[in-house]
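Input: a single structure, listed below in structure tokens.
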Amino acid sequence: MRLADYYELLESLTSEDCDGTTASLKCIQEKFPNVSHSTLVSIYSQHCQMITRQTYHQHNNPDMISYYVQVYQARIKQDDSSPVLIQMAKEANMPPAVIARFVVEGSHEKASNQEVTKSTVTQFLREPYLIEDPVLAYQVQLCTLQDVTYGPYAESIKHSVGNEYEFLLVQLLKERKIAFLQEDDMRKKGYDKTPDTKLEVPVAWNGHIINWIESKASFGDLFSHSNYLKDQYLSYANRFGSGLVIYWHGFIDELAAGCIEQGIALADHLPEDLTHLQP
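This is the structure in structure tokens:
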């Protein structure tokens, strides 16, 4: 995807008409029929995560948490059946599960007059039935069900999809009789940071030697790719030589040229025209 097309798509995804639900994303997809639903979800989710990381400190402090609890309690008295926390999340431009976490934390501390641990709040989000207040438990459940970026359900889905694409990569390599080691194999050899697969014999693609392959069940945007490059890819390249990153949901085309210079090729699938090198 060209950078200009990405920004055009992102403008629609961040408009007031889009709230990340399946219905709103379907409307966006009608404008961009060549973009898959999974790619839309990935781009939307990653943009929300970036905004949340940049603004989280503005919300996660005692004064703001107390404010969110007060707003929640005032609104829930007026109507305890409407999605109060979800509406608050829209107004704060934060993921519903994050606002739910703040309100659960603040409400619990207010009721018990003592601090609550992060693990306890996380457990409440995973199992809302443990929350003593049934109305708050219902509101939290609504948040975790709708949130496509944060919360226990979103995290479980991302973890499951990530494993699914890693499994797909392994199956494709086996079908093509390309010998490789996986992360567990590499860790047994004493390596700490490892790609998903390290090829035992390198292959070539478009004049590029591939020693390792990293699978990403996401879209390669500017922000996430920059972080991955710094935290993972450059370490792999320095230790194992040049390699390949597969962004299964696509990537911004302009990123590829700069990566090749650093020994990293990008693709959105495992290339068919891999050349086996003689050991």
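272 is the number that numbering that gives the first Met the number 0 gives to position 273 of the sequence shown; each next residue is one higher, with no gaps. For glycine and all other residues, C-beta sits at the position ideal for the given N, C-alpha and C. All figures in this text were calculated on a predicted structure; none of them were measured in a lab.
So, using beta-carbon positions, are residue i and residue j closer together than 8 Å?
{"i": "Arg74", "j": "Val68", "result": "no"}
{"i": "Ser11", "j": "Lys25", "result": "no"}
{"i": "Lys215", "j": "Ile177", "result": "no"}
{"i": "Leu167", "j": "Thr196", "result": "no"}
{"i": "Asp213", "j": "Tyr190", "result": "The sequence shown places Glu at residue 213, not Asp. No. Outside cutoff."}
{"i": "Gln53", "j": "Leu39", "result": "no"}
{"i": "Ile263", "j": "Gly240", "result": "no"}
{"i": "Leu129", "j": "Val139", "result": "no"}
{"i": "Val102", "j": "Val120", "result": "no"}
{"i": "Leu8", "j": "Ile42", "result": "yes"}
{"i": "Lys89", "j": "Asp183", "result": "no"}
{"i": "Leu273", "j": "Arg175", "result": "yes"}
{"i": "Cys47", "j": "Ile85", "result": "no"}
{"i": "Leu254", "j": "His207", "result": "no"}
{"i": "Ala91", "j": "His58", "result": "yes"}
{"i": "Met87", "j": "Val115", "result": "no"}
{"i": "Leu228", "j": "Trp211", "result": "no"}
Report, in whole angstroms, the separation of the C-beta atoms of residue i and residue j, which I expect to be a contact under 8 Å.
{"i": "Val200", "j": "Leu276", "result": "6 Å"}
{"i": "Val134", "j": "Asp78", "result": "Wrong, their Cβ atoms sit about 11 Å apart, outside the cutoff."}
Between which two residues does the beta strand (DSSP E) harbouring residue i extend?
{"i": "Asn210", "result": "207 to 215"}
For residue i, which residues does DSSP report across the bridge?
{"i": "Leu198", "result": "Phe179"}
{"i": "Gly242", "result": "Ile263"}
{"i": "Trp204", "result": "His207"}
{"i": "Phe218", "result": "Phe218 is not bridged to any residue."}
{"i": "Phe31", "result": "Beta-bridge pairing links Phe31 to no other residue."}
{"i": "Phe250", "result": "Gly219"}
{"i": "His275", "result": "Val202"}
With respect to the alpha helix (DSSP H) encompassing residue i, which residues constitute its N-terminal and C-terminal limits?
{"i": "Ile42", "result": "36 to 58"}
{"i": "Asp117", "result": "A small correction: the amino acid at residue 117 is Lys; Asp does not occupy that position in the sequence shown. That run of the alpha helix (DSSP H) goes 117 to 125."}
{"i": "Ser111", "result": "95 to 111"}
{"i": "Tyr128", "result": "Counting along the chain, Tyr128 falls outside any alpha helix (DSSP H), and DSSP gives it neither H nor E."}
{"i": "Lys76", "result": "61 to 77"}
{"i": "Gly161", "result": "151 to 174"}
{"i": "Lys89", "result": "83 to 91"}
{"i": "Asp4", "result": "2 to 12"}
Does at least one heavy atom of the ligand PLP sit under 7 Å from the Cβ of residue i?
{"i": "Thr13", "result": "Because no ligand of any kind appears in the structure shown, any question about the ligand PLP cannot be addressed here."}
Is there a C-beta anywhere in chain D that falls below 8 Å from the one on residue i?
{"i": "Leu144", "result": "Annotation note: the requested chain D is absent from the structure, which comprises a single protein chain."}
- Query: Are the region 56 to 70 and the region 231 to 250 touching, with three or more C-beta to C-beta distances below 8 Å?
  - Reply: Segments in contact, no.
- Message: Quick check: the region 146 to 154 against the region 87 to 98, are at least 3 beta-carbon pairs closer than 8 Å?
- Response: Touching, per the Cβ criterion.
- Message: Count Cβ pairs between the region 244 to 259 and the region 204 to 220 that sit closer than 8 Å; are there 3 or more?
- Response: Because the criterion of three Cβ pairs below 8 Å is met, the region 244 to 259 and the region 204 to 220 touch.
- Message: Using a Cβ distance threshold of 8 Å, determine whether the region 153 to 168 contacts the region 107 to 124, with at least three qualifying pairs required.
- Response: Inter-segment contact for the region 153 to 168 and the region 107 to 124 is absent: fewer than three beta-carbon pairs are separated by less than 8 Å.
- For the region 254 to 263 against the region 178 to 189, are there 3 or more C-beta pairs whose distance is under 8 Å? The region 254 to 263 is not in contact with the region 178 to 189.
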